[in-house]
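Chemist: Please find one structure pasted underneath; my questions will follow.
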Amino acid sequence: MEFDIQLGSDECVKYLQPIAMDGYGVRPLELGQDHKELEAELKRMAPLNGRIVLIFRAPYRCPAGRMEVWG
Numbered sequence: 004m005e006f007d008i009q010l011g012s013d014e015c016v017k018y019l020q021p022i023a024m025d026g027y028g029v030r031p032l033e034l035g036q037d038h039k040e041l042e043a044e045l046k047r048m049a050p051l052n053g054r055i056v057l058i059f060r061a062p063y064r065c066p067a068g069r070m071e072v073w074g
């Protein structure tokens, strides 16, 4: 499985179109016990007042899950 990490500053997030904010129908990522640990790591990487989005991709680059954390 592959993944993408997208960083967005508060200015970038402010001007996103509403359709981009919903994740295009990709379900939130559920990782069980590892969820909080990964969320804490992503929060450290996120820009102040911005966000970081981790998108897991199945074969052929289809989105399989998504995790969004605000800084």
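Numbering of the sequence shown is given in the working numbering, commencing with residue 4 and proceeding in unit increments.
Cβ coordinates follow ideal geometry from the N, Cα and C atoms, glycine included.
Since this is a predicted model, take the numbers as computed values, not measurements.
#1: Does DSSP classify P50 as helix, strand or coil?
#2: Could you give the first and the last residue of the continuous beta strand (DSSP E) run that contains R69?
#3: For C15, which residues of its own chain have a beta-carbon under 8 angstroms away from its beta-carbon, when the five flanking residues on both sides are left out?
#4: Could you pull the DSSP bridge partners for P31 from this structure?
#5: With respect to the beta strand (DSSP E) encompassing Q36, which residues constitute its N-terminal and C-terminal limits?
Modeler: If we stick to the structure as given:
#1: Mapped onto the sequence shown, residue 50 falls at position 47. The answer is coil: DSSP assigns P50 none of H, G, I, E or B.
#2: What you label residue 69 is simply residue 66 of the sequence shown in a count that begins at 1. Looking at the DSSP string, the run of the beta strand (DSSP E) that includes R69 is 66-73.
#3: The residue you call residue 15 lines up with position 12 of the sequence shown. Same-chain partners within the cutoff: G53.
#4: On the sequence shown, residue 31 is found 28 positions in, with the first residue counted as 1. Paired residues: R69.
#5: Counted from its first residue, the sequence shown places residue 36 at position 33. Premise fails: Q36 is in no beta strand (DSSP E) and is neither H nor E.
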